[in-house]
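Numbering (the working numbering), first residue to last: 38 to 272. Idealized CB from N, CA, C, for every residue including glycine. Right, one structure below, let's go through it.
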Ligand SMILES: [Ca+2]
Ligand SMILES: [Ca+2]
């Protein structure tokens, strides 16, 4: 038995010369008067498509032995960043954060949403939804949440006095949530000091609550049973 370069195989072999020669991967094995083409097996960490050259396993995959097998995928809920991995280097996905690859197995947890590549952020109607100086917290099963706002580095609550559904439209818009069906929640309650906004009077077209008529920041005659909430989404 001996091997030749593909260019010496001639026509008397069982393989498709055009395919082989285009990749230059084949050697020829002379057996019983006919040529058989044999290919190098791909090493661990590499694989091939059809008769193509061996290429490295993509991130999120691995192959711990040589041979023609495909690279194995990381399990669901795991990812890896290593290309050409020769062992199982998959790790658990970070909580609520995509791994760096577009092809990862990592997804946001229920109630969280994010683009491919992350990061994840709370969905509208989920506690923690934050955008700039407004956030939704303590959301209930109907996705209604207490509104909290930030002023001069301090987070606090909004009093429900004077507030109405127009103010809810503004709050939902400001926090980056749907607002077409926004409704307010008088007396949502449950917050802690300070009470930062009171007597909100919005037209519904404002881009943020601060643009509505309201008392001076931090001025109020309220208590926390009057903490104001909003319902931006209903499903
Ligand atoms: Ca009130
Ligand atoms: Ca008031």
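Any non-hydrogen atom of ligand 2 within 7 Å of residue i CB
i: residue 257; result: yes
i: residue 230; result: no
i: residue 236; result: yes
Between the CA atoms of residue j and residue i - distance to the nearest angstrom
i: residue 151; j: residue 160; result: 9 Å
i: residue 163; j: residue 173; result: 7 Å
i: residue 197; j: residue 185; result: 12 Å
i: residue 126; j: residue 119; result: 8 Å
i: residue 167; j: residue 252; result: 23 Å
i: residue 170; j: residue 156; result: 19 Å
i: residue 62; j: residue 113; result: Reliability fails at residue 62, whose pLDDT of 48 lies under 50, so the model's placement of it is uncertain and the value that follows must be treated cautiously. Rounded to whole angstroms, residue 62 to residue 113 spans 34 Å at the Cα level.
i: residue 227; j: residue 115; result: 38 Å
i: residue 79; j: residue 100; result: 10 Å
i: residue 219; j: residue 268; result: 6 Å
i: residue 223; j: residue 149; result: 26 Å
i: residue 188; j: residue 91; result: 58 Å
i: residue 242; j: residue 234; result: 18 Å
i: residue 334; j: residue 191; result: Here the chain has residues from 38 to 272 only, and residue 334 is not among them.
i: residue 270; j: residue 212; result: 12 Å
i: residue 238; j: residue 249; result: 6 Å
i: residue 139; j: residue 122; result: Any reading at residue 139 must be qualified, since the residue scores a pLDDT of 46, below 50, and its modelled position is unreliable; no value is offered.
i: residue 109; j: residue 93; result: 12 Å
Residue closest to residue i, alpha-carbon to alpha-carbon, out of the options
i: residue 86; options: 165, 175, 107, 168; result: 107
i: residue 255; options: 223, 236, 268; result: 236
i: residue 232; options: 221, 200, 265; result: 265
i: residue 199; options: 183, 221, 214; result: 221
i: residue 216; options: 224, 202, 227; result: 202
i: residue 182; options: 188, 146, 165, 189; result: 165
i: residue 260; options: 248, 195, 95, 131; result: 195
i: residue 247; options: 223, 102, 208; result: 208
i: residue 132; options: 143, 223, 180; result: 143
i: residue 105; options: 180, 82, 230; result: 82
i: residue 175; options: 124, 225, 258; result: 225
i: residue 134; options: 124, 146, 128; result: 146
i: residue 129; options: 109, 122, 97; result: 97
i: residue 193; options: 158, 263, 122; result: 263
i: residue 244; options: 204, 258, 229; result: 204
As assigned by DSSP and simplified to three states, the class of residue i
i: residue 207; result: helix
i: residue 233; result: strand
i: residue 202; result: helix
i: residue 262; result: helix
i: residue 175; result: coil
i: residue 246; result: helix
i: residue 187; result: strand
i: residue 109; result: strand
i: residue 166; result: strand
i: residue 267; result: strand
i: residue 193; result: strand
i: residue 93; result: strand
i: residue 225; result: coil
Cβ of residue i within 8 Å of any chain B Cβ
i: residue 192; result: Among the protein chains of the structure shown there is no chain B, as only one such chain exists.
Task: Beta carbon nearer than 5 Å to a non-hydrogen atom of ligand 1 - done: 197, 198, 263
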